[in-house]
Amino acid sequence: MEKMGFPAVWIERVMSCVTTPSFSILVNGKPYGMVHPSRGIRQGDPLSPYLFLLCAEGFTALLDKAELEGRISGVSICRGAPRVSNLLFADDSLLFCQATQNEGEAIMEIIQTYANASGQSINLEKSSVYFSTNTTGVQRLKMLQILGVKEVMKFDSYLGLPTLIGRAKYHTFSYLKDIVWKKLQGWKRMMLSGAGKEILIKAVAQSIPTYTMSVFQLPMKLCDELDNLCAKFWWCQVGNERKIHWRNWDKFSTSKQEGGMGFRNLRDFNLATFAKQGWRMIQDHDSLLAKCFKARYFPRSSFIEAKESPGCSYVWRSLVAALPILKSGYCWRVGNGSSISVMGDKWIPNYPTNKVLHLIHELVDEMAVSELIDLELHVWKGELIMHLFHRDDATAITKIPLSRRAVSDSIIWMHNKNGMFSVKFAYKVAQRMRGEGSRAEHSRGCVGKLVWSVLWKLCIPNKIKIFGWRACNDILPTKCNLVKRKIITDDKCHICTREAELVFHALWGCVAVQDVWAGSISKLQKGVSNFSDFMQLMEHLVGRLSAEEVELFWVQCWLIWNQRNCVLYRGQLKHPTA
Numbered sequence: 001m002e003k004m005g006f007p008a009v010w011i012e013r014v015m016s017c018v019t020t021p022s023f024s025i026l027v028n029g030k031p032y033g034m035v036h037p038s039r040g041i042r043q044g045d046p047l048s049p050y051l052f053l054l055c056a057e058g059f060t061a062l063l064d065k066a067e068l069e070g071r072i073s074g075v076s077i078c079r080g081a082p083r084v085s086n087l088l089f090a091d092d093s094l095l096f097c098q099a100t101q102n103e104g105e106a107i108m109e110i111i112q113t114y115a116n117a118s119g120q121s122i123n124l125e126k127s128s129v130y131f132s133t134n135t136t137g138v139q140r141l142k143m144l145q146i147l148g149v150k151e152v153m154k155f156d157s158y159l160g161l162p163t164l165i166g167r168a169k170y171h172t173f174s175y176l177k178d179i180v181w182k183k184l185q186g187w188k189r190m191m192l193s194g195a196g197k198e199i200l201i202k203a204v205a206q207s208i209p210t211y212t213m214s215v216f217q218l219p220m221k222l223c224d225e226l227d228n229l230c231a232k233f234w235w236c237q238v239g240n241e242r243k244i245h246w247r248n249w250d251k252f253s254t255s256k257q258e259g260g261m262g263f264r265n266l267r268d269f270n271l272a273t274f275a276k277q278g279w280r281m282i283q284d285h286d287s288l289l290a291k292c293f294k295a296r297y298f299p300r301s302s303f304i305e306a307k308e309s310p311g312c313s314y315v316w317r318s319l320v321a322a323l324p325i326l327k328s329g330y331c332w333r334v335g336n337g338s339s340i341s342v343m344g345d346k347w348i349p350n351y352p353t354n355k356v357l358h359l360i361h362e363l364v365d366e367m368a369v370s371e372l373i374d375l376e377l378h379v380w381k382g383e384l385i386m387h388l389f390h391r392d393d394a395t396a397i398t399k400i401p402l403s404r405r406a407v408s409d410s411i412i413w414m415h416n417k418n419g420m421f422s423v424k425f426a427y428k429v430a431q432r433m434r435g436e437g438s439r440a441e442h443s444r445g446c447v448g449k450l451v452w453s454v455l456w457k458l459c460i461p462n463k464i465k466i467f468g469w470r471a472c473n474d475i476l477p478t479k480c481n482l483v484k485r486k487i488i489t490d491d492k493c494h495i496c497t498r499e500a501e502l503v504f505h506a507l508w509g510c511v512a513v514q515d516v517w518a519g520s521i522s523k524l525q526k527g528v529s530n531f532s533d534f535m536q537l538m539e540h541l542v543g544r545l546s547a548e549e550v551e552l553f554w555v556q557c558w559l560i561w562n563q564r565n566c567v568l569y570r571g572q573l574k575h576p577t578a
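Residues in the sequence shown are numbered from 1 upward in steps of one, following UniProt numbering.
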């Protein structure tokens with residue numbers, strides 16, 4: 001800690017915590033004795049992880065020193081990529097070296113030095129070694145003798161993720177489907193309301209694949225099957241039994257303000273998480289990941305300009321698949337302009353394509369934006385810009401504000417007002433690019449945005465909100481809807497026996513229901529009857545009623561629907577005043 005620069009007072013306090021702990025043991029509810037552990041604080045102590053990191057810094061320092069001295073060489077994925085001798089995550093360590101006697105002995109010496117200094121011994125029974133295919137049998141035996149660990153032909157997983165991805169990608173990631181299926185089977189779906197199922201799907205079922213999706217692009221077939229499991233759970237389908245799915249699951253993934261339920265579309269969310277990884281590479285050029293990928297796949301260009309190459313890794317193909325999302329939202333924020341190409345980069349905000357649209361002088365093609373800025377006065381060179389560019393381009397350029405200080409250029413995310421990238425906005429972009437937005441335009445989502453906005457903000461039970469959502473989307477099991485699906489043949493209302501039972505009729509237009517509304521507040525009495533569609537009725541009422549009156553309306557609709565079910569299935573009809 002002294003070599004790391006920690007002050008003496010801080011070191012003294014930390015070491016006091018390490019050297020002075022004591023424990024008493026409860027026997028039949030009474031504490032006995034004081035135990036003074038020789039190994040310092042217990043493993044579950046909140047201070048333990050931080051002290052472990054300090055020790056791990058010493059371990060990496062030993063490995064780095066050995067690499068500088070040439071005792072170990074590490075590995076490099078290609079020419080120009082950084083050499084890696086170790087990767088550490090918490091107490092999991094991966095060490096890389098050549099399969100030679102000298103490097104094997106150097107590794108064991110470093111491990112022993114670290115164990116003597118920190119008291120953290122390596123458990124050889126839980127450790128293993130993996131050799132590349134180029135390693136001979138003699139070399140393998142020699143290294144196994146030196147290291148004293150067992151050999152493995154492959155690592156099934158590391159940090160909960162598969163280490164080797166072959167051709168059968170669906171089989172590799174099928175364990176996610178098994179996990180989600182087991183979770184869904186453990187829940188009593190028939191006892192849950194729509195609100196309860198919504199929470200479980202969003203918080204558990206659709207969250208399980210998130211960790212894996214941040215590293216790998218899941219096969220489309222697997223994403224569809226995971227969505228299918230959630231759909232079956234939502235509609236209470238068990239096994240191979242047939243249940244009516246009243247709405248296509250794709251429409252559930254639209255936002256609640258557009259008539260959906262806000263469930264994730266796993267394909268789009270997968271791309272959004274990869275866009276986040278790509279954004280990190282754009283922002284942090286010095287990260288190990290960025291350096292390795294740049295050396296391997298785009299040594300002479302930027303990540304934005306990179307392409308999928310033959311024989312590339314599965315992770316790289318996944319990153320390239322998310323590039324269209326990044327390209328749609330990234331833009332340079334002009335600082336000193338030295339990093340921005342006038343014609344090649346996106347750097348003009350609030351302008352079509354965010355690029356220069358007209359090439360008048362070929363000289364501009366090779367220029368940097370810094371050549372258009374007076375770096376001493378921090379203003380644009382107006383005359384030069386007017387001479388080199390088309391009038392529209394020149395006007396847009398000179399409107400870009402410049403900092404009065406010497407700042408570097410930076411990349412911003414235009415889909416967010418603060419310029420910061422977020423998976424939330426990347427997901428929206430992915431949905432729009434896949435065409436979800438255009439399909440929603442033809443649904444009831446965009447027609448009744450005010451209805452949806454008001455509905456989801458009401459202070460009523462969530463199960464009533466979901467009932468209202470189903471009513472407005474015309475997916476309640478009314479007789480007309482059942483006839484459309486060829487479940488029954490008679491679509492007449494069971495109460496009045498005169499008209500077809502549409503959602504509008506069941507909740508508003510029926511004679512018996514009108515008697516109920518007649519006893520309600522004045523604004524909900526029989527005066528409103530010139531509608532035939534329930535969504536049209538709601539659009540009319542939302543503009544006339546207060547939030548409290550809309551809440552009363554939906555609660556009353558809920559009670560009317562329950563009474564309708566009592567009549568249909570139990571033959572019980574209550575008087576409207578009951």
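Yeah, the Cβ is synthetic: ideal placement off N, Cα and C, and Gly gets one too.
Predicted model, so just to flag it, every value in this text is computed and none were measured.
### Query
Alpha carbon to alpha carbon, what distance is there between L51 and W10?
When rounded, the distance between both Cα atoms is 13 Å.
#### Entry: From N350, L388, K182, V215, residue whose alpha carbon lies closest to that of H358
Relative to the Cα of H358, the nearest Cα in the group N350, L388, K182, V215 belongs to L388.
### Task
Counting only the same chain and skipping the five closest in sequence on each side, list residues whose C-beta sits under 6 Å from that of I400.
In its chain, beyond the 5 residues on either side, V334 have a beta carbon closer than 6 Å to the beta carbon of I400.
### Query
Considering only residues of the same chain and omitting the five flanking positions on each side of C230, which have a CB-CB separation below 6 Å?
Excluding sequence neighbours, C230 sits near I201, A205.
### Query
Of the choices C312, S453, H285, whose alpha-carbon is the least far from that of S301?
With distances taken between CA atoms, S301 lies nearest to H285 out of C312, S453, H285.
### Proximity of Y211 and L289 at Cβ, strictly below 9 Å
The Cβ-Cβ distance between Y211 and L289 does not fall below 9 Å.
### Query
Taking Cβ to Cβ, would you say S128 is nearer than 9 Å to K150?
Cβ distance < 9 Å, so S128 and K150 count as in contact.
### Query
Can you check whether the CB of Y330 is closer than 9 Å to the CB of A396?
Pairing A396 with Y330 gives a Cβ-Cβ distance that is not under 9 Å.
#### Entry: Nearest-angstrom beta carbon gap, V369 and W347 [assumed within contact, 8 Å]
So it is a contact: roughly 6 Å between Cβ atoms.
#### Entry: Sufficient close CB pairs (3 or more, under 8 Å) joining the stretch 229-243 to the stretch 416-433
Counting C-beta pairs closer than 8 Å gives fewer than three between the stretch 229-243 and the stretch 416-433, which falls short of the contact rule.
### Message
Among the candidates T353, M153, E551, S121, whose CA atom is the shortest distance from the CA of T135?
### Response
Minimum Cα distance to T135 is reached at M153.
### Task
For C331, name the three-state secondary structure that DSSP assigns.
Three-state result, C331: strand.
### Task
Would you kindly work out how many angstroms separate the C-alpha atoms of I475 and V342, rounded to a whole number?
When rounded, the separation of the alpha-carbon atoms in I475 and V342 is 54 Å.
### Touch test, the stretch 369-384 against the stretch 305-314, Cβ-Cβ under 8 Å, three pairs minimum
Contact fails: fewer than three Cβ-Cβ distances are below 8 Å.
### Task
State the Cα-Cα distance for the pair D392 and L323, rounded to the nearest angstrom.
Rounded to the nearest whole angstrom, the C-alpha separation of D392 and L323 is 29 Å.
### C-alpha distance - G194 paired with K463, whole-angstrom precision
Distance between the alpha carbons of G194 and K463: 6 Å.
### Query
Tell me which same chain residues have a C-beta within less than 6 Å of the C-beta of F298, skipping the five on either side of it?
Excluding its 5 nearest sequence neighbours in each direction, F298 has C-beta neighbours in its own chain below 6 Å: A306, listed in chain order.
### Query
Can you tell me whether S132 is buried or exposed, with buried defined as 16 or more other CB within 10 angstroms of its CB?
Around the beta carbon of S132, a 10 Å sphere encloses fewer than 16 other beta carbons of the protein chains shown; the residue is thus reported as exposed.
### Task
Kindly list the residues whose CB is nearer than 6 Å to the CB of Q283, restricted to its own chain and excluding five residues on each side of it in sequence; keep chain order.
Here Q283 has no same chain residue with a Cβ atom under 6 Å from its own Cβ, once five neighbours each way along the sequence are excluded.
### Query
Mapping DSSP to helix, strand and coil, what is P352?
Three-state DSSP puts P352 in a helix.
### Task
Could you round the C-beta distance between C510 and C496 to whole angstroms and report it? I think they count as a contact, below 8 Å.
So it is a contact: roughly 5 Å between Cβ atoms.
### Query
Based on Cα-Cα distance, which residue from P37, I77, V550, I72 lies nearest to S24?
Answer by Cα proximity: P37.
### Message
Can you tell me where the alpha helix (DSSP H) holding W234 begins and where it ends?
### Response
First-last of the alpha helix (DSSP H) with W234: 220-234.
### Message
Here's a check: name, in chain order, each residue in its chain whose Cβ is nearer than 8 Å to the Cβ of L144, leaving out the five neighbours to either side.
### Response
So the qualifying residues of the chain are V129, K150, E151.
### Three-state class that DSSP yields for S443 in the structure shown
Caution is warranted here: a pLDDT of 47 is assigned to S443, below 50, making its placement in the model unreliable, and no coordinate value can be reported.
### Query
Can you list, in chain order, the residues of its chain whose CB lies under 7 Å from that of V180, leaving out five sequence neighbours each side?
Only residues of its own chain outside the window of five on either side were considered, and among them A205, I208, L226, L229 have a CB closer than 7 Å to the CB of V180, listed in chain order.
### Task
Only counting runs of 4 or more residues, tell me where the alpha helix (DSSP H) segments fall wholly within the stretch 90-149, in order along the chain.
Qualifying alpha helix (DSSP H) stretches, in chain order: 101-118, 137-147.
### Task
Grab the span of the alpha helix (DSSP H) containing residue 610 for me, first residue to last.
Because the chain is modelled from 1 through 578, residue 610 falls outside the range shown and cannot be assessed.
#### Entry: Residue nearest to residue 606 in terms of C-alpha spacing, selected from G519, N562, L507, E366
Residue 606 lies beyond the residue range present for the chain, which begins at 1 and ends at 578; the question has no answer from this structure.
### Query
Which two residues bound the contiguous beta strand (DSSP E) that contains S24?
23-27 is the extent of the beta strand (DSSP E) around S24.
### Query
Around the Cβ of I110, are there at least 16 other Cβ atoms within 10 angstroms (buried) or fewer (exposed)?
Burial check for I110: the Cβ neighbour count within 10 Å reaches 16 or more, so the residue is buried.
### Message
Count Cβ pairs between the stretch 60-78 and the stretch 90-103 that sit closer than 8 Å; are there 3 or more?
### Response
The count of Cβ pairs closer than 8 Å, one atom from the stretch 60-78 and one from the stretch 90-103, reaches three, so the stretches are in contact.
### Message
The alpha helix (DSSP H) that contains V542, what's its start and end?
### Response
For V542, the enclosing alpha helix (DSSP H) stretches over residues 534-542.
### Query
Out of curiosity, what's the CA-to-CA distance linking C493 and V503?
Looking at the two C-alpha atoms, the distance is approximately 11 Å.
### Query
Where do the N-terminal and C-terminal ends of the beta strand (DSSP E) with P31 fall, by residue?
Its beta strand (DSSP E) spans residues 30-35.
### Task
Tell me where the alpha helix (DSSP H) around S174 begins and ends.
Per DSSP, the continuous alpha helix (DSSP H) segment holding S174 begins and ends at 169-185.
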